[in-house]
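Whatever position you read off the sequence shown (first residue = 1), add 4 for our numbering.
Down below is the structure, laid out as structure tokens.
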Amino acid sequence: MSHTHPELSAPAPLPAGGLRVIPLGGLGEVGRNMTAFEYDGRLLLVDCGVLFPEDHHPGVDLILPDFEPIRDRLDAVEALVLTHGHEDHIGATPYLLRERGDIPLVGSKLTLALLGSKLREHRLKETVHYEVAEGQTITFGPFVLEFVAVNHSIPDALAVVIRTGAGVVLHTGDFKMDQLPLDGRITDLNEFARLGDEGVDLFLTDSTNAEVPGFTTSEKDISPVLERVFAKSDQRIIVACFASHVHRVQQVLDAAVAHGRKVGYVGRSMVRNMAIAQELGYLTVPPGVMVEAKELADLPPHKQVLISTGSQGEPLSALSRIAQRSHSFVHLEEGDTVVLASSLIPGNENAVYRVINGLSRLGANVVHKGNALVHVSGHASAGELLYCYNIVKPRNVMPVHGEIRHMRANADLARATGVENVVLAEDGVVVDLVDGVARVTGKVEVGYVFVDGTTIGDISEASMKDRRILGEEGFLSVIVVVDSVTGKVVSGPEIHARGFAEDETTFDEIRQPVIDAINAAVADGATGSHQLQQTVRRVVGRWVNRAHRRRPMIIPVVIEA
Numbered sequence: 005m006s007h008t009h010p011e012l013s014a015p016a017p018l019p020a021g022g023l024r025v026i027p028l029g030g031l032g033e034v035g036r037n038m039t040a041f042e043y044d045g046r047l048l049l050v051d052c053g054v055l056f057p058e059d060h061h062p063g064v065d066l067i068l069p070d071f072e073p074i075r076d077r078l079d080a081v082e083a084l085v086l087t088h089g090h091e092d093h094i095g096a097t098p099y100l101l102r103e104r105g106d107i108p109l110v111g112s113k114l115t116l117a118l119l120g121s122k123l124r125e126h127r128l129k130e131t132v133h134y135e136v137a138e139g140q141t142i143t144f145g146p147f148v149l150e151f152v153a154v155n156h157s158i159p160d161a162l163a164v165v166i167r168t169g170a171g172v173v174l175h176t177g178d179f180k181m182d183q184l185p186l187d188g189r190i191t192d193l194n195e196f197a198r199l200g201d202e203g204v205d206l207f208l209t210d211s212t213n214a215e216v217p218g219f220t221t222s223e224k225d226i227s228p229v230l231e232r233v234f235a236k237s238d239q240r241i242i243v244a245c246f247a248s249h250v251h252r253v254q255q256v257l258d259a260a261v262a263h264g265r266k267v268g269y270v271g272r273s274m275v276r277n278m279a280i281a282q283e284l285g286y287l288t289v290p291p292g293v294m295v296e297a298k299e300l301a302d303l304p305p306h307k308q309v310l311i312s313t314g315s316q317g318e319p320l321s322a323l324s325r326i327a328q329r330s331h332s333f334v335h336l337e338e339g340d341t342v343v344l345a346s347s348l349i350p351g352n353e354n355a356v357y358r359v360i361n362g363l364s365r366l367g368a369n370v371v372h373k374g375n376a377l378v379h380v381s382g383h384a385s386a387g388e389l390l391y392c393y394n395i396v397k398p399r400n401v402m403p404v405h406g407e408i409r410h411m412r413a414n415a416d417l418a419r420a421t422g423v424e425n426v427v428l429a430e431d432g433v434v435v436d437l438v439d440g441v442a443r444v445t446g447k448v449e450v451g452y453v454f455v456d457g458t459t460i461g462d463i464s465e466a467s468m469k470d471r472r473i474l475g476e477e478g479f480l481s482v483i484v485v486v487d488s489v490t491g492k493v494v495s496g497p498e499i500h501a502r503g504f505a506e507d508e509t510t511f512d513e514i515r516q517p518v519i520d521a522i523n524a525a526v527a528d529g530a531t532g533s534h535q536l537q538q539t540v541r542r543v544v545g546r547w548v549n550r551a552h553r554r555r556p557m558i559i560p561v562v563i564e565a
């Protein structure tokens with residue numbers, strides 16, 4: 005098994021006839037999925053998604069894949085293939101198109117429709133689209149692409165087969181093997197087996213549920229649980245789920261009709277995505293069941309159902325605002341039922357539990373995955389992955405999509421079925437397929453690209469560290485006025501604090517040591533305000549750490565008068 009190594013250097017030039025795989029995101033985290041494939045000097049991109057920020061990313065709206073390794077080669081990109089319409093696979097596409105707007109976009113009908121609304125929001129209208137479906141073949145430069153139906157928690161997901169002179173690559177995208185899917189569209193295992201008989205040189209497989217034994221529960225098993233929730237509830241019901249989870253919304257609509265309730269959507273992305281799904285025929289809305297969310301308030305509580313965004317605790321989502329009593333027209337009442345019909349994305353646990361506690365504090369009955377089967381995963385568990393390895397019989401395996409623990413578990417599954425060459429890579433680790441063998445050949449520098457309002461990529465890791473310090477440790481400013489001739493302190497130090505201590509007498513004991521340190525520095529030949537500022541920072545920093553066990557941001561200001 006190949007492992008990542010921090011000492012890896014830049015890869016050597018790709019040998020003639022070889023295929024290079026460069027993960028730009030998604031290997032080591034659940035999100036911002038993006039992979040570049042290089043053959044004969046040309047590039048093919050698969051997915052271009054976002055990662056949502058966690059608590060240690062203060063002020064950040066989104067996190068993008070790092071385009072830097074391909075930025076000066078964007079003219080060599082033949083196409084961007086999008087496996088399905090989830091944000092962690094399509095959400096960064098508008099940012100890529102800002103750098104080259106005519107990259108051909110390849111995806112299924114629903115995927116391109118969901119992406120289209122996003123592109124319009126970014127005012128990107130003149131884009132090139134190629135709509136594909138399972139069973140189709142399309143060629144871009146040296147890449148011959150075939151598409152295979154896979155089942156996931158969004159309709160119209162596709163695996164992609166990439167054929168080049170280096171061999172056959174099968175990229176599953178996100179998938180599972182639900183044998184009773186709500187839309188009747190199962191993962192095409194016959195095609196997987198046919199490809200296995202032909203020979204798959206490199207198999208890139210979804211790792212998200214590799215640690216979970218057995219098979220992922222069927223979506224149909226959710227319906228009886230929702231039925232019981234509706235039967236027991238005699239007041240309003242709010243169901244929060246992903247804005248792209250068409251199947252879950254369909255189940256809620258069906259339950260609402262069965263119990264004589266009306267339904268309204270809350271959240272801009274939910275309204276937009278469900279309108280698209282209904283228009284394209286992926287969502288069946290019974291006549292008379294839908295009303296505007298604001299109009300639901302005119303109905304008795306036992307006639308109301310709201311389908312909302314915010315199942316991951318996003319601070320500005322509809323559900324979070326409901327939990328904080330700050331929503332413009334949805335006001336929770338004692339005895340209302342809230343269903344969180346989603347799984348916890350790693351890293352979102354604290355945010356979700358904050359929302360659950362807020363809803364519970366308001367008297368709601370909160371139903372979530374921890375106490376009821378109200379959501380099933382969209383990813384293959386260990387039993388399904390083993391099944392795929394046995395029918396695909398790949399020569400080389402490269403786990404993708406997941407945290408390190410997920411990918412390692414997936415690698416172990418592959419080895420258990422007899423796969424001898426399993427390549428375990430992370431973002432930026434380059435894997436070359438040459439003469440039928442995949443191996444790590446180097447590393448390119450990739451990092452997080454932060455979107456903060458209208459700012460893209462200008463927030464560095466150092467800036468993020470400063471934000472974390474400000475948020476967790478507080479802020480101190482120390483202002484000292486010195487005589488420009490003698491260097492003696494003539495005023496101050498004046499110390500101001502935010503998020504550290506409210507009592508200004510806290511700093512009385514450090515004022516004289518600051519004066520003494522400045523005088524000593526001047527006596528030792530220190531000149532200029534910069535040197536004196538560093539002296540102040542060191543003295544105050546040592547005192548704060550020793551006396552208060554804190555590391556606030558310290559801004560010293562030395563003024564010569």
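For each residue, glycine too, the CB sits at the ideal point set by N, CA and C.
Taking residue i as part of the alpha helix (DSSP H), name the residues at either end of that continuous run.
i, result
"residue 539", "533 to 552"
"residue 286", "Unbroken run through residue 286: none, as it is neither H nor E."
"residue 403", "Taken as a continuous stretch (DSSP letters only), residue 403 belongs to no alpha helix (DSSP H), being part of the beta strand (DSSP E) at 400 to 404."
"residue 72", "72 to 75"
"residue 410", "408 to 420"
If you draw a straight line from the alpha carbon of residue i to that of residue j, how long is it in whole angstroms?
i, j, result
"residue 91", "residue 133", "18 angstroms"
"residue 80", "residue 267", "48 angstroms"
"residue 104", "residue 524", "58 angstroms"
"residue 448", "residue 77", "14 angstroms"
"residue 514", "residue 529", "23 angstroms"
"residue 541", "residue 522", "11 angstroms"
"residue 340", "residue 224", "25 angstroms"
"residue 176", "residue 207", "8 angstroms"
"residue 560", "residue 536", "9 angstroms"
"residue 263", "residue 235", "8 angstroms"
"residue 408", "residue 163", "22 angstroms"
"residue 113", "residue 83", "17 angstroms"
"residue 21", "residue 111", "27 angstroms"
"residue 260", "residue 295", "12 angstroms"
"residue 557", "residue 480", "6 angstroms"
"residue 258", "residue 311", "13 angstroms"
Just to confirm the assignment, what range does the beta strand (DSSP E) spanning residue i have?
i, result
"residue 163", "162 to 168"
"residue 375", "No beta strand (DSSP E) contains residue 375, which DSSP labels as neither H nor E."
"residue 68", "66 to 68"
"residue 111", "109 to 111"
"residue 147", "147 to 153"
"residue 175", "171 to 175"
What is the C-beta distance between residue i and residue j, in whole angstroms, given that I count them as a contact (C-beta under 8 angstroms)?
i, j, result
"residue 403", "residue 423", "With a Cβ gap of about 11 angstroms, residue 403 and residue 423 do not count as contacting."
"residue 115", "residue 160", "6 angstroms"
"residue 24", "residue 436", "5 angstroms"
"residue 2", "residue 100", "Beyond the ends of the chain as shown, which are 5 and 565, falls residue 2; an answer cannot be given."
"residue 322", "residue 314", "5 angstroms"
"residue 201", "residue 172", "Residue 201 to residue 172, Cβ: 12 angstroms. No contact."
"residue 67", "residue 450", "That belief does not hold up - the Cβ atoms of residue 67 and residue 450 are roughly 12 angstroms apart, past 8 angstroms."
"residue 273", "residue 247", "4 angstroms"
"residue 118", "residue 89", "4 angstroms"
"residue 174", "residue 85", "Contact doesn't hold; Cβ gap of about 13 angstroms is too wide."
Ordered along the chain, which non-local residues of its own chain (more than five positions away) have a Cβ less than 8 angstroms from that of residue i?
i, result
"residue 488", "564 and 565"
"residue 38", "27, 28, 29, 30, 49, 50, 51, 52, 53, 69 and 96"
"residue 377", "221, 225, 226 and 229"
"residue 371", "233, 341, 342, 343, 344 and 378"
"residue 373", "344, 346, 347, 348 and 379"
"residue 170", "21, 22, 23, 43, 205, 437 and 438"
For residue i, collect the residues of the same chain with a Cβ closer than 7 angstroms to its Cβ; drop the 5 residues on either side in sequence, then sort them by chain order.
i, result
"residue 124", "none"
"residue 238", "306"
"residue 581", "Summary: the structure shown does not reach residue 581, with the chain confined to residues 5 through 565, and so no result is reported for it."
"residue 498", "483"
"residue 93", "37, 51, 53, 86 and 87"
"residue 33", "55 and 407"
Leaving aside the five residues before and after residue i along the sequence, list all residues of the same chain whose C-beta is less than 6 angstroms from its C-beta, in chain order.
i, result
"residue 250", "159, 281, 286 and 287"
"residue 95", "53 and 54"
"residue 7", "Residue confidence is low: residue 7 scores 47 on pLDDT, short of 50, so the model does not pin down where it sits. Its coordinate-derived value is still stated next. For residue 7, where only same-chain residues beyond five positions count, the Cβ hits under 6 angstroms are 428."
"residue 186", "223 and 251"
Is residue i near the ligand ATP, judged by its Cβ being under 7 angstroms from some heavy atom?
i, result
"residue 279", "This structure lacks the ligand ATP, and indeed carries no ligand of any kind."
* Asked: Touch check for the region 379 to 394 and the region 204 to 212: three-plus C-beta pairs under 8 angstroms?
  -> Cβ pair count under 8 angstroms is three or more, so yes.
* Asked: Hey, is the region 249 to 267 in contact with the region 282 to 296, meaning 3+ C-beta pairs nearer than 8 angstroms?
  -> Contact between the region 249 to 267 and the region 282 to 296 is established, with three or more Cβ pairs separated by less than 8 angstroms.
* Asked: Between the region 514 to 525 and the region 478 to 498, are three or more C-beta pairs nearer than 8 angstroms?
  -> Yes, since at least three Cβ pairs between the region 514 to 525 and the region 478 to 498 fall closer than 8 angstroms, the two stretches touch.
* Decide if the region 228 to 242 is in contact with the region 145 to 157; the criterion is three or more beta carbon pairs, one per stretch, under 8 angstroms apart. => These segments do not touch.
* Asked: Can you find at least 3 beta carbon pairs, one from the region 323 to 343 and one from the region 361 to 370, that sit closer than 8 angstroms?
  -> Judged by Cβ distances under 8 angstroms, the region 323 to 343 makes contact with the region 361 to 370, as three or more pairs qualify.
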